[in-house]
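Enquirer: Mind having a look at this structure? Questions to follow.
Residue numbers (the UniProt record's numbering): 1 to 840.
Below, the structure written as structure tokens:
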């Protein structure tokens, strides 16, 4: 018996235009890559443009109908009659239908073509029992059934955009850019009435008549389509957002799996990521993703410098070295300042110098204007919320943020104190088991409190009422980064400047609390005799304590993070898709042909017979479409990609390097190795573990550069304080007993304050010197802009010279009549003078 397929076949007997267009596009791109086309020819193709349509995005419409059966529903509504339940179901049905209808109408009115299919939750080959009369030689592979289960509560909307609609949106974006650029220029100087253009701006008529016959990067095309989907209705968009529509749960482009495989393979075999790789990423995923990988690559290379210094210091056993501290401070300043120049260069080369274009960014639906006014520049009526009120709301939120930070600090301090107690002081029964108690409590309470703090930060940011998503995202990210910084750095900061200097006080406090707890159960005389309950003293040197903790965060924590973030999800994903791979191979080897499809009368089972199949092109159209829809359904179940976590991870690591390299000089080397893996694991994560990111413009790493600058500044102070505390050969500090230095470090707070102020001023002086030196060497973007200004001046001079020549020619022509009149008047005057002399 041949394999059989269980599915409502009628859902897939209709042609899916989206699948045909995008498969054609992927095939063309793969051919181009195999033929090693340059990146400018990599994205688009004339054959694809001739198809007049583009397929990129899908929208997930997911809903949950009310249940009128079951024990839970009866317990929730014990007195509800069957009529009421039916009415509730009808009301819910109408709400979902109206939402779906509004979504389709909005997309159609925006000029987009929509196709709808049910999602597929299962696509698996299962063995079936052999028929009673089957011959004994029947192969077990033939007794198999392809089971396809539909997700009845999930609809996939496949969005196709025509070339004409894309050109219209492209022209609108160009006009927005034109308007923004024109507002920056003093047009009264260069503008000539009636010309419609200036030497600094393109001809407005050319913009209005522009087309996309020229090659358009895939990321730019997807950004334009997304703008149509999410843009405001007044700008021709559909205004579809996940937070606007009750049942729209996701809007995303689908992965090009061939490109992803080639990307991972290419990067896994290269030591360095070059400019061409970044350009390809920019063309495929957009500037935001490419900027992140550019930063990660730049940071990875710059870690070579402190790694070399650290290895040398480690070989000479130079912990808490003044020289290493100074070199680390200089390195952190050079890195942040040179990256600032590097990101400007990338923005110039990618032509995204100005991405603060609020006019092209749709307003947040949750923005509540206080009033409306007419824009002086455009004449549009725009919503307004006073900036002073927003600052007032920020000020009101500061005490709340501080309270959350204090709560975070106390939670970190409590769990860390418990960890020190169980690991270094407790000597009672089950000490091995008790040592896991802090980890269990930390895992139970810290994620919950972090989520609580993030919820508070979200509510405060919403209360501040930002008009645009970019502003909202920056403010929200700043708040939650404060919590994350304290959470990640808190243990080391507490160890260095609380538990080590006040070690005796901490041990006495632990003794008293422990004795008080035991006295509730045992008698005092029992406690004084029993030695099993006595706490052991912590004899580990202070510097070694700090170093051991740092090694855990630098080595162990980063390994755990790599496994949980990238390798474990990829492994689970591989096992999850093993069934569908087996199903595809079995279908190909068992003969499920597209020309021999027989749909049974009830349209629930699909029996396919045929000869041996060599590839998927020979599979039935229904199965190919079901397989395609299943892949999209699986992508919809993946989380969306958020760059925040990746940037935050690098910012935290940069803090470890700039703060604690003098504690453990190998910290930069471990970070260097980790980032070599991180470059490739992040690429794999984007390809396998998350939905394809939506393209977005970016001319920098945003708020993370100020965060790095702040971290470098704090690191300079931390380095100086650690040297003051633990450097045994610092002769310029007050003399300290050797035993006290080993156990507590130096604890004179006046000297600590002096050291902190001196190091902070030294850091600022270094920043000023580095900036002065860097300004003497123009960056690549500055050279490009200087060349552009030179060309502009030449163009302006040529333009003015042409106008002068034209003006001279025109004046010569127009002055002939006045010249003849002047000659007559001159002759008349001379004759009059001559006549007057004759009379006398």
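Positions of the beta carbon are idealized from the N, C-alpha and C atoms, including for glycine.
All of these numbers come straight from a predicted model, not from anything done at the bench.
Mind checking which residues open and close the beta strand (DSSP E) that includes residue 381?
Expert: Where residue 381 is concerned, the enclosing beta strand (DSSP E) stretches over 381-384.
Enquirer: Quick one, are the C-beta atoms of residue 21 and residue 254 less than 9 Å apart?
Expert: Not a contact, by the Cβ cut-off of 9 Å.
Enquirer: Could you check if residue 689 is buried or exposed, using at least 16 other CB atoms within 10 Å of its CB as the buried criterion?
Expert: Label assigned to residue 689: buried.
Enquirer: So residue 118 and residue 151 are in contact, right, with Cβ under 8 Å, and what is the actual spacing, rounded?
Expert: Rounded, the Cβ-Cβ distance is 6 Å, consistent with contact.
Enquirer: Could you give the residue range of the beta strand (DSSP E) that holds residue 217?
Expert: From DSSP, residue 217 is part of no beta strand (DSSP E); its letter is neither H nor E.
Enquirer: What did DSSP end up calling residue 150 once you bin it into helix, strand or coil?
Expert: Residue 150 falls in the strand class under three-state DSSP.
Enquirer: Determine the closest residue to residue 297 out of 698, 679, 503, with distance taken between C-alpha atoms.
Expert: Of the listed residues, the one whose Cα sits closest to residue 297 is 679.
Enquirer: Under a three-way DSSP split, which group does residue 686 fall into?
Expert: Residue 686: helix per DSSP, three-state reduction.
Enquirer: Here's a check: name, in chain order, each residue in its chain whose Cβ is nearer than 7 Å to the Cβ of residue 350, leaving out the five neighbours to either side.
Expert: Excluding positions up to five away in sequence, the list reads 282, 287.
Enquirer: Report the residue from 109, 364, 649, 116 whose alpha carbon sits nearest the alpha carbon of residue 560.
Expert: Selected option, being the one with the closest Cα: 649.
Enquirer: Is it right to say residue 665 is buried, meaning 16 or more other beta carbons lie within 10 angstroms of its own, or is it exposed?
Expert: It counts as buried.
Enquirer: Have a look at residue 48 and residue 268 and give me their C-alpha separation to the nearest angstrom.
Expert: Because residue 48 carries a pLDDT of 44, less than 50, the predicted location of this residue cannot be relied on, and the following value inherits that uncertainty. Rounded to whole angstroms, residue 48 to residue 268 spans 31 Å at the Cα level.
Enquirer: For residue 159, which residues from the same chain have a beta carbon less than 8 Å from its beta carbon, with the 5 sequence-adjacent residues on both sides left out?
Expert: Within the same chain, residue 159 has close Cβ partners 18, 55, 56, 57, 58, 59, 107, 112, 113, 114, 225, 229.
Enquirer: Please classify residue 641: does DSSP put it in a helix, a strand, or coil?
Expert: DSSP places residue 641 in coil when its eight states are reduced to three.
Enquirer: Would you say residue 248 and residue 242 are within 9 Å of each other, going by their C-beta atoms?
Expert: Against a cut-off of 9 Å, the Cβ pair of residue 242 and residue 248 comes out as a contact.
Enquirer: Consult DSSP for residue 658 and reduce its assignment to one of helix, strand or coil.
Expert: Helix at residue 658.
Enquirer: Return the CA-CA distance between residue 338 and residue 352, expressed in angstroms with no decimal places.
Expert: So the two alpha carbons sit approximately 19 Å from each other.
Enquirer: Please determine, among 423, 414, 478, the residue with the shortest C-alpha to C-alpha distance to residue 491.
Expert: Residue 491 has its Cα closest to that of 414, out of 423, 414, 478.
Enquirer: With DSSP as the reference, label residue 53 as helix, strand or coil.
Expert: Strand.
Enquirer: For residue 62, which of 306, 553, 157, 508 has the nearest alpha-carbon?
Expert: Of 306, 553, 157, 508, the residue nearest in Cα terms is 157.
Enquirer: Note down, in chain order, each residue of its chain lying with its Cβ closer than 6 Å to the Cβ of residue 558, except the 5 sequence neighbours on either side.
Expert: Correct list, in chain order: 674.
Enquirer: Below 9 Å between beta carbons: does that hold for residue 95 and residue 246?
Expert: In contact: residue 95 and residue 246 (Cβ atoms closer than 9 Å).
Enquirer: Can you give me the start and stop residues for the alpha helix (DSSP H) that residue 270 sits inside?
Expert: No alpha helix (DSSP H) holds residue 270; DSSP gives it neither H nor E.
Enquirer: From 721, 239, 472, 292, pick the residue whose C-alpha is nearest to that of residue 647; which is it?
Expert: The shortest Cα separation from residue 647 among 721, 239, 472, 292 belongs to 292.
Enquirer: Is residue 299 closer than 9 Å to residue 654 when the C-beta atoms are compared?
Expert: Contact: yes.
Enquirer: On the three-state DSSP scale, how would you describe residue 161?
Expert: Residue 161: strand per DSSP, three-state reduction.
Enquirer: Since residue 310 and residue 661 are thought to touch, with beta carbons under 8 Å apart, how far apart are those beta carbons, to the nearest angstrom?
Expert: Contact holds; Cβ gap of about 6 Å.
Enquirer: At the level of alpha carbons, what is the spacing between residue 28 and residue 682?
Expert: When rounded, the distance between both Cα atoms is 27 Å.
Enquirer: Could you tell me the alpha carbon to alpha carbon distance between residue 774 and residue 367, rounded to whole angstroms?
Expert: Residue 774 and residue 367: Cα-Cα distance of roughly 42 Å.
Enquirer: Does the structure place the region 698-712 close enough to the region 327-345 that three or more beta carbon pairs sit under 8 Å?
Expert: Contact between the region 327-345 and the region 698-712 is present, because at least three Cβ pairs lie under 8 Å.
Enquirer: Which residues in the same chain have their Cβ closer than 7 Å to the Cβ of residue 723, if we skip the five residues on either side of it in sequence?
Expert: Once the five neighbours on either side are set aside, the close Cβ partners of residue 723 are 320, 322, 325, 662, 730.
Enquirer: The beta strand (DSSP E) spanning residue 250 covers which residue range?
Expert: From DSSP, the beta strand (DSSP E) with residue 250 extends over 248-253.
Enquirer: Run the CB neighbour count on residue 459, radius 10 Å, all protein chains shown included, and call it buried at 16 or more, exposed below.
Expert: When all chains shown are included, residue 459 counts as exposed.
Enquirer: Which of the three DSSP states is assigned to residue 12 in this structure?
Expert: DSSP places residue 12 in coil when its eight states are reduced to three.
Enquirer: Report, in whole angstroms, the separation of the C-beta atoms of residue 766 and residue 329, which I expect to be a contact under 8 Å.
Expert: Confirmed, Cβ separation roughly 7 Å.
Enquirer: Less than 9 Å between the beta carbons of residue 263 and residue 305, yes or no?
Expert: Contact flag unset, no.
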